[in-house]
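J.: The structure that follows is given in the form of structure tokens.
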Amino acid sequence: MIVTEQKPDREVLEAVQKYRRVFIIGCGSCATASRTGGEEECRSWTEKLRENGKEPSGYSIPQETCHVLLMKSTIRQSAEASSSDAFLVLACGAGVQAVSAASDRPVVAGLNSMFLGTTERVGEFLKYCSLCGNCVLSRTAGICPVTRCPKGLLNGPCGGMVDGRCEVDRTAACVWVAIYDRLKARGDQGKLAQMNAPKPYVSARQRKVEPVNISRKSAGRNAR
Amino acid sequence: MTRLSEALAGKEFVITAELSPRKGTLVTNFIKTVHALQGKVHAINITDNQRAIMRMSSLAASYLVLREGMEPIYQITCRDRNRLAIQSDLIGASALGIKNVLALTGDHPSVGDSPEAKPVFDLDATTLLHTITRLNAGSDLDGHPLKGATDLFPGAALTPQTEPLEPVLLTMERKISAGARFFQTQPVFDMDAFRSFATLTGRFGTPVIVGILLLHSAQQAQDLNAGVPGIKIPDVMIRRLGEAADPRREGIDIAAELIRSARNIAQGVHIMTVGQEKDLPVLLERISG
Ligand code: SF4
Ligand code: SF4
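Protein sequence lines correspond, in order, to chains Z and E.
Numbering-wise (numbering that gives the first Met the number 0), the first sequence opens with residue 0 and increments by one.
Numbering-wise (numbering that gives the first Met the number 0), the second sequence opens with residue 0 and increments by one.
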């Protein structure tokens, strides 16, 4: 789940300054679960825009805002959306860009996209993955150092670890000690004496996953 | 061969001291301190934006040390540079005649004076050591040949006073496999505790130079205990500094005692100060006698 947080009101209002009629697009998936782009937030932004002299023309909460074709039809089907000067999008960066790709009108991002969260309980998300494109979890006892170590170290712990705590946040456990504990429980801590090679950033260059990947996968499945 | 590597190979008791480059281009005092250390230490560690506080580059300051006829230990961290920048700096260092390198991960920018900086950490201490090993063998990290290999003598850092200890030892082992030829530790104040640590690291056979921090007042010691994680100055020492008529002298006494007891435990001492660099020569004078 993509975890998002509200941008400060002032930053959003500054970004919508030039526009009069603003249409709000929330998101029925992650941003609703994050409580940043659901019913309540769309209504609250409608109020805020009005208070600041804007003409909010309405809002919509598509099931998946990160879907370009869905955004195209959402905008086309709504007279209020089609006639607005700009969109205020309460969704993650992928959602904002789907709206931006679906329409040539300006978009304003209402949220900051934070990370791929693991849900601990309703409304509580743990920062466990940052979609690095080269998963190391099989080598690190199922605990992600790329995301959970503030330095993203593949070979830890660093010299800042003191009594199991992290240099950057003394109240937090060093994630490399957590990895060590896990490995040790399996008698596998010797792994720490082996170097993890520097991370390849090649996949960061990849711009698109082609639909052919999906069809190839399902073709393979059918063949079996 | 560097003086440091020769001394370590010859089982000499090695003395290194740490200097921080200045924040700015005025280097008069820095050079003065370098001169004051002449003949008293085997090599001078030059820190790399230590504690993530922006200063003159450690490469440039290491060269200043070299130009004055002293041997630098060029400290390089992974915080501010990616693998391209690190490799080109290492090649540059070797070409300038800077051979000793201390490979560090580096403190996170959030603890320093530019907390909004982007942390790089493309490499880490281990993969940096591995990189140096590659460059010394004549190729870069990606396997492309070099026109002229580097001639670097790589070392690494070690944290002896922490829990749990096993991951620290495993990290040490990993760093040795990646190419570490010596270790310099963070400050140690309890040589008895260090002695038992040294029995654990002895089996690796890689020389360990133990860190000594020169203290100058009880207040400073208390501040360090409270503010710098990993520093554990015992109460007896703080009391001694507090009761002394001349706490600076007392600090020098304490450091000299620690150095004396380190003589048969470690392969040398690495002396650090917190802004008290002018006391370094006094301490070194004392221990040479
Ligand atoms: S290594 Fe970490 S950040 Fe990368 S994909 Fe795996 S969990 Fe995500
Ligand atoms: S203390 Fe542990 S979690 Fe924190 S930066 Fe160092 S290795 Fe990463």
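By construction, the Cβ of each residue, glycine as well, lies at the ideal position given by its N, Cα and C atoms.
Since the model is a prediction, treat every value here as computed from it, not as a measurement.
Kindly list, in the order they appear in chain Z, the residues whose Cβ is closer than 9 Å to that of residue 176 of chain E.
T.: The answer, in chain order, is 192, 193, 194.
J.: Using DSSP bridges, identify the partner residues of residue 171 of chain E.
T.: For residue 171 of chain E, which the question treats as bridged, DSSP gives no partner whatsoever.
J.: Is the region 176-195 of chain Z touching the region 196-210 of chain E, taking contact as three or more C-beta pairs under 8 Å?
T.: Contact between the region 176-195 of chain Z and the region 196-210 of chain E is absent, because fewer than three Cβ pairs lie under 8 Å.
J.: What residues of chain E sit near residue 150 of chain Z, judged by a beta carbon separation below 7 Å?
T.: Going along chain E in sequence order, the residues near residue 150 of chain Z (Cβ under 7 Å) are 104, 107, 118, 120.
J.: With a 10 Å radius around its C-beta and 16 neighbouring C-beta atoms as the bar for buried, classify residue 221 of chain Z as buried or exposed.
T.: Low confidence applies to residue 221 of chain Z: its pLDDT is 45, below 50, so where it sits in the model is not reliable enough to give any reading.
J.: What residues are listed by DSSP as bridge partners for residue 12 of chain E?
T.: DSSP, once it has assigned bridges, lists no residue as partnering residue 12 of chain E.
J.: Leaving aside the five residues before and after residue 131 of chain Z along the sequence, list all residues of the same chain whose C-beta is less than 7 Å from its C-beta, in chain order.
T.: Here the set comprises 145.
J.: Near residue 144 of chain E, what residues of its chain come up, given a Cβ to Cβ distance below 8 Å and the 5 sequence neighbours on each side ignored?
T.: Cβ neighbours of residue 144 of chain E beyond the five flanking positions: 137, 138.
J.: Using a Cβ-Cβ cut-off of less than 7 Å, give me the residues of the region 154-177 of chain Z that come near chain E, in sequence order.
T.: Cβ contacts with chain E: 154, 156, 157, 158, 159, 160, 161, 162, 163, 166, 167, 169, 175, 176.
J.: How should residue 103 of chain E be labelled, buried or exposed, when 16 other C-beta atoms within 10 angstroms of its C-beta is the threshold for buried?
T.: By the neighbour-count rule (16 or more Cβ atoms within 10 Å), residue 103 of chain E is buried.
J.: Just the Cα atoms here: how many angstroms apart are residue 218 of chain Z and residue 209 of chain Z?
T.: The predicted model places residue 218 of chain Z with a pLDDT of 47, which falls under 50 and marks its position as unreliable; any figure quoted below should be read in that light. In a straight line, the C-alpha of residue 218 of chain Z is about 15 Å away from that of residue 209 of chain Z.
J.: Could you round the C-beta distance between residue 3 of chain E and residue 41 of chain E to whole angstroms and report it? I think they count as a contact, below 8 Å.
T.: The Cβ separation is near 5 Å, so the contact holds.
J.: Within its chain, find whatever has a CB closer than 6 Å to the CB of residue 126 of chain E; leave out the 5 residues flanking it on each side and keep chain order.
T.: Once the five neighbours on either side are set aside, residue 126 of chain E has no close Cβ partner at all.
J.: Here's the rule: buried if 16 or more other CB atoms are within 10 angstroms of the residue's CB, otherwise exposed. What is residue 198 of chain Z?
T.: Buried, because 16 or more other Cβ atoms sit within 10 Å of the Cβ of residue 198 of chain Z.
J.: What are the uninterrupted segments assigned as alpha helix (DSSP H) that are 4 or more residues long and contained completely in the region 29-115 of chain E, given in chain order?
T.: The qualifying runs are 57-66, 82-95.
J.: I'd like the span of the beta strand (DSSP E) that includes residue 20 of chain Z, first residue to last.
T.: Residues 20-24.
J.: Can you confirm whether the region 104-113 of chain E touches the region 164-171 of chain E when touching is taken to mean that 3 or more C-beta pairs between the two stretches lie within less than 8 Å?
T.: Judged by Cβ distances under 8 Å, the region 164-171 of chain E makes no contact with the region 104-113 of chain E, as fewer than three pairs qualify.
J.: Output the residue ranges of the alpha helix (DSSP H) runs that lie fully inside the region 136-197 of chain E and measure 4 residues or longer, sorted by chain position.
T.: Qualifying alpha helix (DSSP H) stretches, in chain order: 165-177.
J.: If you measure from each CB to the nearest heavy atom of ligand 1 and keep those under 7 Å, what residues do you get, in chain order?
T.: This criterion selects Z:115, Z:127, Z:128, Z:129, Z:130, Z:131, Z:132, Z:133, Z:134, Z:135, Z:136, Z:143, Z:145, Z:146.
J.: What residues in the region 76-89 of chain E bring their beta carbon closer than 7 Å to a beta carbon of chain Z?
T.: Residues passing the 7 Å Cβ filter: 82.
J.: By DSSP, does residue 179 of chain Z sit in helix, in strand, or in coil?
T.: Helix.
J.: Spell out whether any CB of chain Z is found under 8 Å from the CB atom of residue 173 of chain E.
T.: Residue 173 of chain E counts as touching chain Z.
J.: Return the residue from the list E:252, E:26, E:12 that minimises the CA-CA distance to residue 278 of chain E.
T.: Of the listed residues, the one whose Cα sits closest to residue 278 of chain E is E:252.
J.: Can you list the residues of chain Z that residue 129 of chain E reaches, using a CB-CB cut of under 7 Å?
T.: Correct list: 194.
J.: What residues are listed by DSSP as bridge partners for residue 126 of chain Z?
T.: DSSP, once it has assigned bridges, lists Z:116 as partnering residue 126 of chain Z.
J.: Tell me which same chain residues have a C-beta within less than 6 Å of the C-beta of residue 106 of chain E, skipping the five on either side of it?
T.: Taken in chain order, the residues that qualify are 50, 51.
J.: For residue 55 of chain E, is the classification buried or exposed, using 16 other Cβ atoms within 10 angstroms of its Cβ as the cut-off for buried?
T.: So residue 55 of chain E ends up on the buried side.
J.: Can you list, in chain order, the residues of its chain whose CB lies under 8 Å from that of residue 104 of chain Z, leaving out five sequence neighbours each side?
T.: So the qualifying residues of the chain are 83, 84, 85, 86.
J.: How would you write the range of the alpha helix (DSSP H) that residue 246 of chain E sits in, first residue to last?
T.: Residue 246 of chain E -> alpha helix (DSSP H) spans 246-261.
J.: Ends of the alpha helix (DSSP H) at residue 67 of chain Z?
T.: 67-76 is the extent of the alpha helix (DSSP H) around residue 67 of chain Z.
J.: Spatial neighbours of residue 7 of chain E within its chain, please: C-beta separation below 8 Å, excluding the five flanking residues on both sides.
T.: Closer than 8 Å at Cβ, skipping near neighbours: 13, 180, 181, 206, 266, 267.
J.: Please classify residue 225 of chain E as buried or exposed, where buried requires at least 16 other C-beta atoms within 10 Å of its C-beta.
T.: With fewer than 16 Cβ atoms within 10 Å of its Cβ, residue 225 of chain E is classed as exposed.
J.: Do residue 80 of chain E and residue 88 of chain E come within 8 Å of each other at the CB atom, strictly closer than that value?
T.: Yes. Within cutoff.
J.: Would you mind stating whether residue 183 of chain E and residue 269 of chain E have Cβ atoms separated by less than 8 Å?
T.: Yes, these two residues count as a Cβ contact at 8 Å.
J.: At least one CB of chain Z closer than 8 Å to the CB of residue 154 of chain E: is that the case?
T.: No - not a single Cβ of chain Z is within 8 Å of the one on residue 154 of chain E.
J.: Listed from N- to C-terminal order along the chain, which residues in the region 4-35 of chain Z have their beta-carbon within a distance smaller than 7 Å of any beta-carbon of chain E?
T.: Correct list: empty, as no residue qualifies.
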